[in-house]
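For the sequence shown, numbering that gives the first Met the number 0 begins at 0 and goes up steadily by one. We treat Cβ as the ideally placed atom computed from N, Cα and C, and that holds for glycine. Written below as structure tokens is the structure these notes are about.
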Amino acid sequence: MVRDPEKRRQIGEFYQAAFFEYYLRENLATEIDPSHQRIMAGGIHLADHIGVEPPVLVLFCRDAGAFTVSQPDNQNWIRGSSVYPTVQNLLLAARGSGLGGCLTTLHVRYHAEIKALLGIPGSVDIYALVPLGYPRDKFGPLRRRPVEEVSYLDSWGQSLPEAGIPISTR
């Protein structure tokens, strides 16, 4: 966890640079879908404020040197997958306590610089960054599509009800 204001500011600068390298600001302005506009506005706000407003930045790391299992080079993207359930648990606990946070990985564009800033050993990788603090807005109702619209059986597009599996809406 990073609480030091100067270190958070520097991480925020790296994050902001990574965000606008990935999402060109001028492309964000041309988005016409209202839901995407809302998402992009939130992303821009995060990029502009991540190093200043959240009192804590939580970094989820894994020591690659602690594991000796050999993986083909094209499988390296799964190496840190075990940290994501931990991130989700933190986010659920935070929300239950009235705190807000979000999972982001754009920091990886400046991975080496952030590791140097924090003195993280070379064998340790940072897989997730979560800004954590009190949200600027109240939590709204969740807007999730029904499970039968996003779950498939055996083939993409074969919904569970079409496969004869009833969906319970308790």
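In the DSSP assignment, G132 falls outside any alpha helix (DSSP H) and within the unbroken beta strand (DSSP E) covering 123-132. R61: member of the beta strand (DSSP E) spanning 55-62, first to last residue. As the crow flies, the alpha-carbon of S154 is around 26 angstroms from that of P84. According to the DSSP assignment, Y21 belongs to the alpha helix (DSSP H) that extends over 4-21. For R144 and L159, the gap between their C-alpha atoms comes out near 14 angstroms. Taking the C-beta atoms as reference points, G79 is found no nearer than 8 angstroms to Y133. An exposed status is given to P140, since fewer than 16 other beta-carbon atoms sit within 10 Å of its beta-carbon. Bounds of the alpha helix (DSSP H) holding Y83 are 82-95. Using a C-beta cut-off of 8 angstroms, the segment 87-97 makes no contact with the segment 15-23, since fewer than three inter-stretch Cβ pairs fall below that distance.
Ranked by how close their Cα comes to the Cα of V82, the residues A127, G50, I119, P53 have A127 in first place.
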